[in-house]
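S.K.:
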Amino acid sequence: MLNRRIGTRTILAALVIGLTLGLSLQAQTKPSRIISLVPGATEMLFAIGAGPRMVAVSSYDKEPPEVTSLPRVGALIDPDVERILSLKPDLIVVYGSQHDLAQQMGRAGIAHFSYVHGGLPDIFRTIRELSARTGDMEQGERVVKGIEATLADVAKRVAGRPRPKTMIVFGREPGALRNVYASGGYGFLHDVLAIAGGDDVFSDVKRESVQASTELILTRAPEVIVELRADDESAPDPAVWQTLASVPAVRNNRIVLLTGSDLVTAGPRIGQATLRLAKALHPEAF
Amino acid sequence: MPPTNGEGVVSARDRIAHSTIQGIRARLVTVCLGSVALALGAIVLAPLAGSTSISLAHAFDLTRPWASNVDAQIFFVARLPRVLAAALVGSALAASGVVFQALLRNPLATPFTLGISSGAALGAMLVLTIGGAFAATTWAAVPAASFAGALAAVSIVYALAAARHRGFSTSVLLLAGVTLNSFFSALILMLQYFADMASVMQTLRWLLGDLDVASYTPIVVALPMLVVAITAFLVLAPRLNLLSVSIDAAAMRGVDVVRTQRISFLSASLATGAAVSIGGPIGFVGIIVPHLVRLIVGPDHRLALPASLGFGAAFLVACDLVGRTVIAPLELPVGIVTAVIGGPFFLWLLVKHAQ
């Protein structure tokens, strides 16, 4: 009886040790078949030099151009597990909320990296952690330093200049001032705006997005309105803002349209995106 | 002058009908006055409150230039059109609810039972996901598309209901409407599944209802349709009374049943489509208000329809006021407010009524 119990314990202990060893060994080996379900992380992987080892990306990935030739395996709500398994990855980047998928990958012996969305510091943290996992730490560090240098340069150029009260709009109905969504006082867009030399009109609202009602826009009276569009599919329609004539940005015609996915993706292009935003806010500084 | 039979003698039944008409006149005046007072009260009071405090003296001070008068803009651009939109949408949905419940003889019918909301949602969804490319820049594409979607759904359901039996079958209407609702909802889910996350979020928000119209244009566009529909409702009221009891009784009393059914279906659909194009598919108004109104003024449609117009307006204006102030500066979508207030209230009403 006693022997049997000891036996069970030994087996259990051996199993735990074995598993730990196995996992740490797996972590140490450089993954050679990587899948990313997160567009921002895909860009990071390419930036740190892991691009050639990517075997698939999410259905939303558009950047960098190399991803166009890679297979698509779903995204946040529809990961194609069968396809993922058939590609035999040894590292998959999943969203932090994809617990089930992470578990499934674990059962299949595939290591996963949980991506957690956050502010600008989280972009640096994610690049460093990802590069540690893929074994590209040097390159990862270089990417981080590069972005930091760009941001420092931007900050230096706009330093001491008047900071316009800015509203960053990242979504609204076409042709109307309805369902206007703006960046709130949390998240990488908020952080980027601060570096680019603007004051967020919604900095007191600690959320990533704020539905900006007409009354709220009139009350907050932004001096600059920056509209972000990931693509240029729909025609620009700045005339809709004319309704809000008392808003300084409307009165002084400071409504800027920035097209491109760099400003809406928490990825390695964020330095250049910040530069673009800063140029829009402070054209005289560049 | 009451109608007489061939021998010039007033029949007993006609005497009763005549006296009822006279008896109802006094109540009709009371109900109409009360209804108008309720709606007007809400429309006048609601713009005074909001997520920020404004100076009314500044807002109405005509000597201040418009472009720099923030108080006036908050009052006349942000709040007043929004309150008017809420009043119109509330009236239209509540009165359409009354009509649909009478037409389908089903107390659970709502303005959205027959597929209008999902048709409208599909239209809005198409513009928000793949329609950006062909959306014109000078007009609001989403309300137009949602109205077109509502009309498409109405036409399909109408054609199906009219195709069978050469008449107008309300059972086919109900089945076709409910099926179309599910079918369109499936198409919406499919579109959402393939759309990018930003547009999914936008459509999700659209489905929760939003009355921040920011201009009078949507109201002016929808107003003629609503006037036509509401006039039809009021004219149809006596016939709806008979129709809601039984089709045979209505036919026996000389009501052109098929014609009445068609007009009520089309006018209620028109009102609902216009309402949805302004504020999205705001739920619960079309079921709570009619039931509440019937408890207060009774089941007579000549009273219930005007009452539901006023009550629906006041109810939605109040719900929107809650939505735009309770968690300011954030907004609580008005559809959530109507559901959160309306759901439990309706259940309480049911239990109380049963007792």
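Protein sequence lines correspond, in order, to chains A and B.
For the first sequence, position 242 (counting from the first letter as 1) is numbered 234 according to this note's numbering, and the numbering increases by one without interruption.
For the second sequence, position 131 (counting from the first letter as 1) is numbered 361 according to this note's numbering, and the numbering increases by one without interruption.
Ideal Cβ positions, reconstructed from N, Cα and C, are used throughout, including at glycine.
In this text the structure is predicted, and so the values were computed from the model without any measurement.
#1: Tell me the DSSP secondary structure of K279(A) in three-state form.
#2: For chain A, find out if any of its Cβ atoms is closer than 7 Å to the Cβ of Q422(B); answer yes or no.
#3: Taking the Cβ atom as the reference point for each residue, do G345(B) and A371(B) lie within a distance shorter than 7 Å?
#4: Starting from the beta carbon of E121(A), find every residue of chain B whose beta carbon is closer than 9 Å, and list them in chain order.
#5: Could you list which residues in chain B have their beta carbon closer than 7 Å to that of T169(A), in chain order?
#6: Pick helix, strand or coil for F541(B), following the three-state DSSP scheme.
#7: Name the chain B residues whose beta carbon is nearer than 7 Å to that of Q90(A)?
#8: Closer than 9 Å, Cβ to any Cβ of chain A: which residues of the stretch 528 to 543 of chain B, in chain order?
#9: What are the partner residues of R221(A), as DSSP defines its beta bridges?
#10: Nearest chain A C-beta to G280(B) closer than 7 Å, yes or no?
#11: When you compare each of F278(A), V248(A), T211(A) to V307(B) by their alpha carbons, which one comes out closest?
#12: Assign M482(B) to buried or exposed, taking buried as 16 or more other Cβ atoms, counted over all protein chains shown, within 10 Å of its Cβ.
#13: Measuring alpha carbon to alpha carbon, tell me which residue in L255(A), H274(A), E215(A), R268(A) is nearest I247(A).
#14: Using a Cβ-Cβ cut-off of less than 7 Å, list which residues of the stretch 198 to 211 of chain A approach chain E; keep chain order.
#15: Who are the Cβ neighbours of A452(B) in its own chain at under 6 Å, not counting the five residues just before and after it?
#16: Using C-beta distances below 6 Å, list every residue in its chain close to L83(A), excluding the 5 sequence neighbours before and after it, in chain order.
#17: Along the chain, where does the beta strand (DSSP E) containing T158(A) start, and where does it finish?
#18: Write down every uninterrupted run of the beta strand (DSSP E) in the stretch 171 to 231 of chain A whose length is 3 residues or greater and which is fully enclosed by it, in chain order.
#19: Checking contacts by CB at 7 Å: is R261(A) closer than that to chain B?
#20: CB-CB under 7 Å to V506(B), same chain, minus the five flanking residues each way: which ones, in chain order?
#21: Going along the chain, which residues of the stretch 311 to 341 of chain B sit with their C-beta nearer than 7 Å to a C-beta in chain A?
#22: Along chain A, in chain order, which residues have C-beta atoms closer than 9 Å to that of I304(B)?
#23: Which partner residues does Y107(A) have in the DSSP bridge list?
#24: How many angstroms separate the CA atom of D72(A) from the CA atom of D92(A)?
#25: Is it buried or exposed for E130(A), if we count other Cβ within 10 angstroms and need 16 for buried?
#26: Quick check on M(-7)(A): buried or exposed, where buried means 16 or more other Cβ atoms within 10 Å of its Cβ?
#27: What three-state label does DSSP hand S497(B) in the structure shown?
#28: Using the beta-carbon of each residue, which ones in chain B are nearer than 9 Å to R243(A)?
#29: Roughly how many whole angstroms lie between the Cα atoms of L356(B) and G253(B)?
#30: Please classify V65(A): does DSSP put it in a helix, a strand, or coil?
#31: For A48(A), which beta-bridge partners are listed by DSSP?
#32: Comparing alpha-carbon positions, which option in P113(A), G111(A), K80(A), R120(A) lies nearest G98(A)?
#33: Return the chain-ordered list of same chain residues with a C-beta closer than 8 Å to the C-beta of S238(A), the five sequence neighbours on each side being excluded.
#34: Is there a Cβ from chain B that is less than 7 Å from the Cβ of E165(A)?
#35: Would the stretch 403 to 411 of chain B count as touching the stretch 277 to 284 of chain B if we require 3 or more Cβ pairs under 8 Å?
#36: Report all residues from its chain with a CB closer than 6 Å to the CB of L279(A); omit the five preceding and five following residues, and keep chain order.
M.R.: Walking through what the data contain:
#1: No statement about residue 279(A) is possible, as the shown extent of chain A runs from -7 to 278 and does not include it.
#2: For the purposes of this step, residue 422(B) is taken as residue 192 along the second sequence, with counting starting at 1. No, no contact with chain A.
#3: Counted from its first residue, the second sequence places residue 345(B) at position 115. Counted from its first residue, the second sequence places residue 371(B) at position 141. Not closer than 7 Å, so no.
#4: Here residue 121(A) refers to the residue found at position 129 when the first sequence is read from its first residue. In chain order: nothing, as chain B lies at least about 24 Å away.
#5: Counting from 1 along the first sequence, the entry for residue 169(A) is found at position 177. Per the sequence shown, residue 169(A) should be read as Leu rather than Thr. Correct list: A444.
#6: Within the second sequence, the letter at position 311 stands for residue 541(B). Here F541(B) sits in helix by DSSP.
#7: Position 98 of the first sequence, counted from the start, is the residue given in the question as residue 90(A). Ordered by position in chain B, no residue passes the 7 Å Cβ test against Q90(A), which lies about 14 Å from the chain.
#8: none
#9: Here the question's residue 221(A) lines up with position 229 in the first sequence. DSSP lists T251(A) as partners of R221(A).
#10: Sequence index remark: in the second sequence, residue 280(B) carries index 50 (1-based). Yes, contact with chain A.
#11: If you number the second sequence from 1, residue 307(B) lands on position 77. Of the candidates F278(A), V248(A), T211(A), the one whose C-alpha sits nearest the C-alpha of V307(B) is T211(A).
#12: As a working note, residue 482(B) is residue 252 in the second sequence. With fewer than 16 Cβ atoms within 10 Å of its Cβ, M482(B) is classed as exposed.
#13: For the purposes of this step, residue 247(A) is identified with residue 255 of the first sequence, where counting begins at 1. It is E215(A).
#14: Judged by its chain identifiers, the structure shown contains no chain E, and its protein chains are A and B.
#15: Here the question's residue 452(B) lines up with position 222 in the second sequence. For A452(B), where only same-chain residues beyond five positions count, the Cβ hits under 6 Å are A504, I508.
#16: Locating residue 83(A) in the first sequence gives position 91, where the first residue counts as 1. These residues qualify, in order along the chain: P23, I26, A103.
#17: Numbered from 1 along the first sequence, position 166 holds the residue referred to as residue 158(A). T158(A) -> beta strand (DSSP E) spans 157 to 163.
#18: 173 to 175, 201 to 203, 216 to 221
#19: As a working note, residue 261(A) is residue 269 in the first sequence. It does not; no Cβ of chain B falls within 7 Å.
#20: Here residue 506(B) corresponds to residue number 276 of the second sequence, with the count starting at 1. Taken in chain order, the residues that qualify are I346, S347, A350, S376, A380.
#21: none
#22: Residue numbering aside, residue 304(B) sits at position 74 when the second sequence is read from its first letter. Within chain A, the residues near I304(B) are T206, E207, L210, T211, S238.
#23: On the first sequence, residue 107(A) is found 115 positions in, with the first residue counted as 1. Answer by DSSP bridge pairing, in chain order: Y87(A).
#24: Translated into positions along the first sequence, residue 72(A) becomes position 80. Translated into positions along the first sequence, residue 92(A) becomes position 100. Going by the C-alpha atoms only, they are around 13 Å apart.
#25: On the first sequence, position 138 is the one that residue 130(A) refers to. So E130(A) ends up on the exposed side.
#26: Along the first sequence, one-based indexing puts residue -7(A) at 1. Confidence at M(-7)(A) is low in this model, with a pLDDT of 47, below 50, so the placement of that residue is unreliable and no value is reported for it.
#27: Numbered from 1 along the second sequence, position 267 holds the residue referred to as residue 497(B). The answer is helix: DSSP assigns S497(B) an H, G or I state.
#28: Locating residue 243(A) in the first sequence gives position 251, counting from the first residue. Those within 9 Å of R243(A) in chain B are A297, S298.
#29: By 1-based counting over the second sequence, the position of residue 356(B) is 126. By 1-based counting over the second sequence, the position of residue 253(B) is 23. Taking the straight line from one Cα to the other gives about 52 Å.
#30: Within the first sequence, the letter at position 73 stands for residue 65(A). Here V65(A) sits in coil by DSSP.
#31: Numbered from 1 along the first sequence, position 56 holds the residue referred to as residue 48(A). Answer by DSSP bridge pairing, in chain order: I27(A).
#32: Taking the first sequence and counting its residues from 1, one reaches residue 98(A) at position 106. It is K80(A) whose Cα lies nearest to the Cα of G98(A).
#33: For the purposes of this step, residue 238(A) is taken as residue 246 along the first sequence, with counting starting at 1. Once the five neighbours on either side are set aside, the close Cβ partners of S238(A) are L210, A213.
#34: Position 173 of the first sequence, counting from 1, holds the residue named residue 165(A). Yes, its Cβ sits closer than 7 Å to a Cβ of chain B.
#35: no
#36: This structure gives no information on residue 279(A), because the portion of chain A shown stretches from -7 to 278.
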